[in-house]
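Please read the structure below before turning to the comments.
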Amino acid sequence: MSRVGKNPIVIPDKVTVDVKGFHIKVTGPLGTLERDLNEGISVKIKDNQIHVMRKDDEKQTRSLHGLNRSLIANMIEGVSKGYLKKLMIVGTGYKAEVKGKWLVLSLG
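Structure, rendered in structure tokens:
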């Protein structure tokens, strides 16, 4: 059984986290992300760490506990480091180009 939800999330320097009710806002050098949490989940910030808690031990709430903890950790990583995905196109006749913010693939 996973224990992901019990692990605290460390807030890095230059990242701020605001929690108001079931709404969380994460701001960092690369932007701002916001998300509404599920009703059975609560968040507390203590000693530069985020602790995600659940109201009961029902199966649905337990699964949402780990999910929301992972989503918050991903939000913090996204506003502090960002994400990068490398693609490799292998084959004859395939073409890829960037148009503005879009990646256009011609695949056959």
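First residue of the sequence shown? That's 35 in the numbering used here, and the numbers climb one at a time after it. Even glycine gets a Cβ: it sits at the ideal position worked out from N, Cα and C.
Pop quiz: Gly74 and Lys89 are said to be a contact at Cβ under 8 angstroms. What is the actual Cβ separation, rounded to whole angstroms? 5 angstroms
Does any C-beta atom of chain B lie closer than 8 angstroms to the C-beta of Ser76? Of the protein chains in this structure there is only one, and it is not chain B.
Among Leu64, Val77, Lys54, nearest to Ile106 - alpha-carbon criterion: Val77
Buried or exposed, going by whether 16 or more other CB atoms sit within 10 Å of the CB of Val138? exposed
Using 8 angstroms for Cβ pairs, my map puts Ile62 next to Arg103. What's the rounded Cβ distance? It should be noted that the sequence gives Gly, not Ile, for residue 62. Rounded, the Cβ-Cβ distance is 18 angstroms, inconsistent with contact.
Use the C-beta contact count for Met109: other C-beta atoms within 10 angstroms, 16 or more gives buried, fewer gives exposed. buried
Opposite Val60 in the DSSP bridges: which residues? Within the DSSP secondary-structure output, Val60 pairs in a beta bridge with Val51, Leu67.
Output the distance between the C-alpha atoms of Ile79 and Glu68, rounded to the nearest integer angstrom. 16 angstroms
Quick check on DSSP: helix, strand or coil for Ile106? helix
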